[in-house]
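The numbering used here puts the first residue of the sequence shown at 1244, with every later residue one more than the last. All C-beta atoms, glycine included, are put in the ideal place defined by N, C-alpha and C. Just below is one structure, and these are the notes that go with it.
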Amino acid sequence: MDPCHGAGRAGGGAGPWHVDRMISILSGARWRGARGARRGALCAAALLAAVSGAAPAWAGAADRGSSGGLGAFASLGQRPDEPGALALAEGQATYPAGPRRVSLATVAFGDAGSAHDVTASASGDAATGRVRARAGVGDAALDLGTVRLRVGAVHAECSAAPGAAPLGSATVEGAAIAVRGAQDVALEPRPAPGTTVALPGGAGRAYLNERITEADGALTVHALRLRVGDREVTLGSVTCRPGTGATDQENPA
């Protein structure tokens, strides 16, 4: 199953035709550890691609740059016939393709729980090549069997400008992970980039302020990614790629 599945429902964005394309690209592989982070980056890139068609948004408009935000996505179980299996991606915004801003009151993760005030925004300036994105949730409560997650506001942000490395940040407010038979694990509200928290008893891992830099200069930031066995939930994901500003054709001398 693929965590990008279902993105066509997010804010009236990409339709099933585009979602099928994403699934065909990303499905069929079971990712672990760092590969899970890579899958998240690919998911974000694919969601940007889904709005404009066959290629990521920046492929056809490199001079303008591109950005995207995804409020929440999840892969709960690897087989469609598995009890509680679910794959979704909700709250998607992209620049320049749009929609630029998405807000959802509630996103349900099947029987596992829900997130509220799921938002995403993406913006940019075609003349300067500067872009920004922000995405996350107001709060969420999830039960993944042996692990339960409760969080307040969780958001990821990024910005990028020509000639400079993209910037990113993440906030994870009021977050605690309860592991059956162990003491609760509190998460830092403003985690350092690349923070990893191993859960007691090998129950799973939490990745905070996760960063993935692509060869084309794009930066993806996941505010919180929780991996428990074959179940994975990401709250707040953004991608920014700087542009080069307006071309000579767009602004003739």
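Alpha-carbon spacing of Ala1421 relative to Ala1355, whole angstroms: 14 Å
For Asp1354, the three-state DSSP class (helix, strand or coil): helix
Alpha-carbon to alpha-carbon, Arg1448 and Pro1485: 31 Å
Length of the line joining the Cα atoms of Arg1470 and Val1476: 7 Å
For Ala1466 and Glu1416, the rounded distance between their alpha carbons: 11 Å
From Glu1453, Gly1395, Ala1370, Pro1405, residue whose alpha carbon lies closest to that of Ala1429: Gly1395
Secondary structure of Gly1445, DSSP reduced to three states: helix
Cβ pair Ala1378, Gly1479 closer than 7 Å: yes
Run of the beta strand (DSSP E) containing Glu1333, from where it starts to where it stops: 1329-1338
Close beta carbons around Pro1405, own chain, < 7 Å, minus the five adjacent residues each side: Gly1372, Pro1485, Gly1486, Thr1487, Gly1488
Short Cβ contact (7 Å threshold) for Ala1403 with Ala1413: no
Same chain, Cβ closer than 7 Å to Leu1387, neighbours up to 5 away in sequence not counted: Ala1355, Val1471, Arg1474
Ser1366 to Arg1344 span [Cα, whole Å]: 9 Å
DSSP state of Thr1438 mapped onto helix, strand, coil: strand
Proximal residues to Ala1418 (C-beta, below 8 Å), its chain only, five neighbours per side dropped: Leu1392, Arg1393, Val1394, Gly1395, Val1397, Ala1429, Leu1430, Pro1432, Leu1467
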